[in-house]
Amino acid sequence: MKTRFKVYGLIIILVLAILFVLQQTDVLWRHLYPTEYNELVYEYSEKYDLDPYLIFSIIRIESRYNEDAVSRRGALGLMQLMPDTAKWIGEKQDIEINNNEDILNPETNIALGSWYLKHLIDYYDDKTIAIAAYNAGRGNVSRWLEEGLWDGTLNSAADIPFAETREYVYKVNIAHKKYREIYYD
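Quick note on our numbering: the sequence shown kicks off at 2 and runs consecutively.
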């Protein structure tokens with residue numbers, strides 16, 4: 002019996018030591034915060050003057066890098082775009098969107114999602130508000146701001162009326178901070 006506890010104790014110590022080493026070398030963090038589709042993300046972050054780590058954060062939270070992701074509400078692809086929004090962006094950017102398969106295409110999805118994120122940042126002149134609008138829609142967020150339900154700051158994100166959007170704003174900001182810690186030179 003004592004031998005079994007010693008073996009379990011050694012295993013636990015070994016696992017903790019391995020996790021500590023992985024954390025110190027960023028291997029674990031790079032696995033948890035991947036940069037898949039990095040060529041596309043860097044291309045469109047440059048084109049639209051966006052922080053690429055913000056795009057990676059949106060993709061990570063929206064789809065976990067699943068290019069075929071479809072939400073229960075019908076949002077599609079890596080950046081989880083609603084079909085009507087994707088078609089509207091496509092018209093603005095002269096990108097032809099004929100069906101959902103077009104929206105699921107990783108390059109198209111990242112191009113449309115990045116443009117939309119930049120559009121929201123420019124519209125609100127604020128990253129936190131833009132992130133909330135990316136999730137809840139511009140109409141909802143504008144109403145919250147106009148009615149004084151939320152002041153648009155990360156510090157008051159607990160006041161966001163939609164629980165999903167509240168969590169989304171926190172998660173994207175945490176992921177963005179972590180991506181910058183891991184990858185920023």
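From the three backbone atoms N, C-alpha and C, an ideal C-beta is built for every residue, glycine too.
Quiz item: How close, in whole Å, do the beta carbons of Asn110 and Gly78 come, if the pair is a contact with beta carbons under 8 Å?
Solution: 4 Å
Exercise. Check the DSSP bridge columns for Val71 and list the partner residues they point to.
Key: Leu77
Practice problem: With a threshold of 16 other CB atoms inside 10 Å of the CB of Phe6, please say whether the residue is buried or exposed. | Solution: exposed
Practice problem: May I ask which residues mark the beginning and end of the alpha helix (DSSP H) holding Ser143? | Solution: Residues 139-147.
Quiz prompt | Residues that Leu82 bridges to, as DSSP identifies them | solution = Leu77
Quiz prompt | Neighbour-count burial assignment, Ser115, 16 or more Cβ in a 10 Å radius | solution = buried
Practice problem: Return the first residue and the last residue of the alpha helix (DSSP H) that Ser46 is part of. | Solution: In this chain, the alpha helix (DSSP H) harbouring Ser46 covers 39-48.
Quiz item: With burial defined as no fewer than 16 other Cβ atoms inside 10 Å of the residue's Cβ, what is the status of Arg65: buried or exposed?
Solution: exposed
Self-check item: First through last residue of the alpha helix (DSSP H) which encompasses Gly114
Solution: 107-125
Quiz item: Can you give the beta carbon distance from Glu63 to Met80, rounded, assuming they're within the 8 Å contact cut?
Solution: The pair is a contact, with the Cβ atoms about 6 Å apart (cut-off 8 Å).
Quiz prompt | Unbroken alpha helix (DSSP H) run spanning Ser157, endpoints | solution = Where Ser157 is concerned, there is no enclosing alpha helix (DSSP H), given that its DSSP letter is neither H nor E.
Practice problem: Could you check what DSSP says for Tyr135 in three-state terms: helix, strand or coil? | Solution: helix
Quiz prompt | Inter-residue Cα distance where the pair is Thr86 and Ile19 | solution = Rounded to the nearest whole angstrom, the C-alpha separation of Thr86 and Ile19 is 45 Å.
Quiz item: Terminal residues of the continuous alpha helix (DSSP H) containing Trp30?
Solution: 28-33
Quiz item: What do you reckon, are the CB atoms on Ala131 and Leu146 nearer than 8 Å?
Solution: no
Quiz prompt | Whole-Å CB distance - Tyr54 paired with His177, under 8 Å assumed | solution = 6 Å
Quiz item: Roughly how many whole angstroms lie between the Cα atoms of Leu105 and Gly140?
Solution: About 25 Å.
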